[in-house]
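Trainee:
Protein chains: 2
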Amino acid sequence: MASIKDVAAEAGVSVATVSRVLNGHPSVSEDARRRVTAAVTALGYRPNAVARSLRTDQTRTLGLVISDVLNPYFTELARSVEEEARALGYSVIIGNADERPDLQDHHVRTLLDRRIDGLLVSPTDGGSPLMLDAARAGTPMVFVDRWIPGVDVPVVRADGREAVRDLVAHLHALGHRRLAIIAGPAATTTGRERVDAFREALADFGLELPGAYIGQGDFQAESGRRVTEGFLDLPEPPEVVFAADNLMVLGALDAVRARGLRVPDDIALAAFDDIRWFVHTDPPITAIAQPTGELGRAAVRALIDRVEGRTGQSVTLPARLVVRRSCGAHPTAVQRSTS
Amino acid sequence: MASIKDVAAEAGVSVATVSRVLNGHPSVSEDARRRVTAAVTALGYRPNAVARSLRTDQTRTLGLVISDVLNPYFTELARSVEEEARALGYSVIIGNADERPDLQDHHVRTLLDRRIDGLLVSPTDGGSPLMLDAARAGTPMVFVDRWIPGVDVPVVRADGREAVRDLVAHLHALGHRRLAIIAGPAATTTGRERVDAFREALADFGLELPGAYIGQGDFQAESGRRVTEGFLDLPEPPEVVFAADNLMVLGALDAVRARGLRVPDDIALAAFDDIRWFVHTDPPITAIAQPTGELGRAAVRALIDRVEGRTGQSVTLPARLVVRRSCGAHPTAVQRSTS
DNA sequence: CTGAAAGCGCTTACAG
DNA sequence: CTGAAAGCGCTTACAG
């Protein structure tokens, strides 16, 4: 592969001059610029980003560590992150933690070794020493969706409190009183917050959230199935199961189907995170939708602000309830969205 | 951030010795090794992968350019690719082309500039000069799922011919005679092959595939909707619509639903690529499943073979039909899978 | 406007 | 077993 030296030789100038025209430096004669450009195309020269990074101490690359690529929510997040980053002149390298702290650490380490300019993380756990150290050491960092309390890092996320309250109001209006939740891992903020929001909303309606109605999931489909089976085995099963993410509701659906039960007649279902398929499931699933694209873009902007020395801000956007049929027929007054 | 010099100073040895212990070189005294290790942990030193890459001319990184991250098929492919690569000591950087040739080129260029060791591509089109040049210039490369004819690059893919024939047999047995297809872009191999396989299978049953029954899609949901609307507007609409990927069938479902029609009573639906949600759609969707994980792993092995100087082989794995209810009730004899 | 030279952080023959 | 030194491909003050 042709190097800058080859280009310099071909153009009859020094490598310094080649570098200057490559980087659009103003003080280069028109003649030199023309010859360099010609040499570049003649040789099919492409600058070596590795060498450039070593020299400039910047990679124009952002790292994104997501909890699970198989989850459409994160996939959409990743897409908007890459899009915004690209628009701002950065590349992004994605690491998939698969909800495993060890894998998460592996990716953080790899990304740090590659000297990415900034790190976007949706932590799978309470934070490993590695990640905490990186944050303290001053690596530009921003948390998206999930975050780690007590660390001085901006957080970009959706607040689902209002939407969860709307959901509970909807369920209550439909006559449901025994509501259960499939929670995410307690080590994650979203795992805890969604249960808290649910519990508080229930309290507003004079309802309780008994321990038996809190199933411990891990944001993966299989745990949704397991927890739902447990609910169905209860002497008094819940009337509604609210899954804290879109994968666990898939598992819940599997479990309900395996028992030959029907939704919403025998049991109602709802989920956090909305995906396109929910319109076409049997029945269409009521869900809480996050402004995913906006979150991704805001996170990138906050991170790049930090990378470039500005102060990146935390951002919290509201989530919203999308009512469908999985919780039962409902008065049109409550209806926020039909599809 | 501490550099190798700092470690050398701290350990009281030369940078050469530090490098040797870092790379597990045998000829280092036990004493030196101990002091270096101690210095490394004391300083929290992490080797700079950028510098190492520049020096060794290898990045231990593979590039993966997929057609669409929002498509669960590619997401699963990406996951298995990363997994296998990691097991073999490589990282992977994913580029999402969003089915756009220009974006694909952008990512190929970026990846090449970063001097990735090898490139895995699922081309969105017939191949840009950039990609063709890279292949000719000897960049280790492997095509997955889709490929470009006439280029000397191994191809790892699924052959859906048998499964498509099984699908047509299934449809024929159910009494369907007017079968239509939503095709992928003619510029992609999968866009063409699936139509060909469909046409051939129809011919085996004495059926034709009229031009009006071939809708031109682009592998995205919206095109599935548009094409399906066109089919429904036909004086004689098809009895079955077969979508060449899982996103377009989503659009088809949207279109059918918008007209108030029912599947399979009014129109039958089937798709290429199986996803977990198909079990829970209304009705469950009959699909052709690819051995996605296997494809990803085989592609990585073939690519790493090339990277490391061995001859990476092309691999073709069979796809299989998964019968559900979207094409109508069916004799259990034909049934390959229920869920 | 232009070039010679230093240096980014590593690895690796080459000597000893 | 160990170190001095060269060099990977760039960028960028410094002189001119």
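First to last, the sequence lines map onto chains A and B.
Going by UniProt numbering, the first sequence opens with residue 1, and the numbers climb by one from there.
Going by UniProt numbering, the second sequence opens with residue 1, and the numbers climb by one from there.
A virtual CB, placed ideally from N, CA and C, is assigned to each residue, including glycine.
1. Leaving out the 5 sequence neighbours to the left and right, which residues in its chain are closer than 6 Å to V28(B) when beta-carbon positions are compared?
2. Using a beta-carbon distance cut-off of less than 8 Å, what residues from the UniProt domain "HTH lacI-type" (2-56) of chain B approach chain A?
3. Does S91(B) have its Cβ less than 8 Å from a Cβ in chain A?
4. Along chain B, in chain order, which residues have C-beta atoms closer than 8 Å to that of E76(A)?
5. Quick one: residues in its chain with C-beta nearer than 6 Å to the C-beta of R325(B), no 5 flanking neighbours on either side, listed in chain order?
6. Am I right that L317(B) and L295(B) are in contact with their C-beta atoms under 8 Å? What's the rounded C-beta distance?
7. What is the C-beta distance between D265(B) and N246(B), in whole angstroms, given that I count them as a contact (C-beta under 8 Å)?
8. Buried or exposed, going by whether 16 or more other CB atoms sit within 10 Å of the CB of T286(B)?
9. Nearest chain B C-beta to R194(A) closer than 8 Å, yes or no?
10. Quickly, what does DSSP pair F242(B) with across the bridge? List them, please.
11. Just checking: is the beta-carbon of L119(A) within a distance shorter than 8 Å of some beta-carbon in chain B?
12. Specify, as a first and last residue, the run of the alpha helix (DSSP H) that V15(B) falls within.
13. For D133(A), go through chain B and note every residue whose CB falls closer than 9 Å to its CB, in chain order.
14. Is there at least one Cβ from chain B nearer than 8 Å to E308(A)'s Cβ?
15. Does T110(A) come within less than 8 Å of chain B when only Cβ atoms are used?
16. Please confirm if W147(A) has its CB atom under 8 Å from at least one CB of chain B.
17. I'd like to know if the segment 50-59 of chain B and the segment 52-66 of chain A are in contact, where contact means that at least 3 CB-CB pairs between them fall below 8 Å.
18. Using 10 angstroms around the beta-carbon of L234(B), count the other beta-carbons present and answer buried if the total reaches 16, otherwise exposed.
19. Using 8 Å as the limit for Cβ to Cβ distance, is residue 378(A) near chain B?
20. Can you give the beta carbon distance from Q290(A) to A258(A), rounded, assuming they're within the 8 Å contact cut?
21. In whole angstroms, what is the alpha-carbon distance linking F74(A) and P210(B)?
22. Whole angstroms are fine: how far does the CA of M1(A) sit from the CA of V13(A)?
23. Say whether chain A places a C-beta atom closer than 8 Å to the C-beta of L253(B).
24. In this structure, does DSSP put S27(A) in helix, strand or coil?
25. Run down chain B in chain order and give the residues with a C-beta less than 7 Å from the C-beta of I94(A).
26. Measuring alpha carbon to alpha carbon, tell me which of R86(A), S122(A), D117(A) ends up nearest L103(A).
27. Ordered along the chain, which non-local residues of its own chain (more than five positions away) have a Cβ less than 7 Å from that of R311(A)?
28. Closer than 8 Å, CB to CB, is D113(B) near chain A or not?
29. List the DSSP bridge partners of N96(A).
30. Does the beta carbon of R276(A) come closer than 8 Å to any beta carbon on chain B?
31. I need the DSSP call for D159(A), collapsed to helix, strand or coil.
32. Going by other Cβ atoms of all chains shown within 10 Å of its Cβ, with 16 needed for buried, is P26(A) buried or exposed?
33. So E82(B) contacts chain A; which residues on that side make the cut at Cβ distance below 7 Å?
34. Which same chain residues end up closer than 7 Å to V81(B) when comparing Cβ atoms and leaving out the 5 residues on each side of it in sequence?
35. Would you verify that the beta carbon of L250(B) is, or is not, closer than 8 Å to some beta carbon of chain A?
36. Label P149(A) either buried or exposed according to how many other C-beta atoms from any shown protein chain fall within 10 Å of its C-beta, with 16 as the threshold for buried.
Mentor: The structure says:
1. R20, V21
2. G44, R46, P47, N48, A49, V50, A51, S53, L54
3. yes
4. L70
5. P283, P284
6. 6 Å
7. That belief does not hold up - the Cβ atoms of D265(B) and N246(B) are roughly 22 Å apart, past 8 Å.
8. buried
9. no
10. I181(B), A270(B)
11. no
12. 15-22
13. G44
14. no
15. yes
16. no
17. yes
18. exposed
19. Outside the displayed span of chain A (1 to 339) sits residue 378(A), for which this structure offers no information.
20. Rounded, the Cβ-Cβ distance is 29 Å, inconsistent with contact.
21. 41 Å
22. 19 Å
23. yes
24. coil
25. I94
26. S122(A)
27. In the sequence as presented, Arg is not what sits at residue 311(A); that position holds Thr. Same-chain partners within the cutoff: D305.
28. yes
29. I66(A)
30. yes
31. strand
32. exposed
33. N96
34. L64, V92, L120, G296, A299, V300
35. yes
36. exposed
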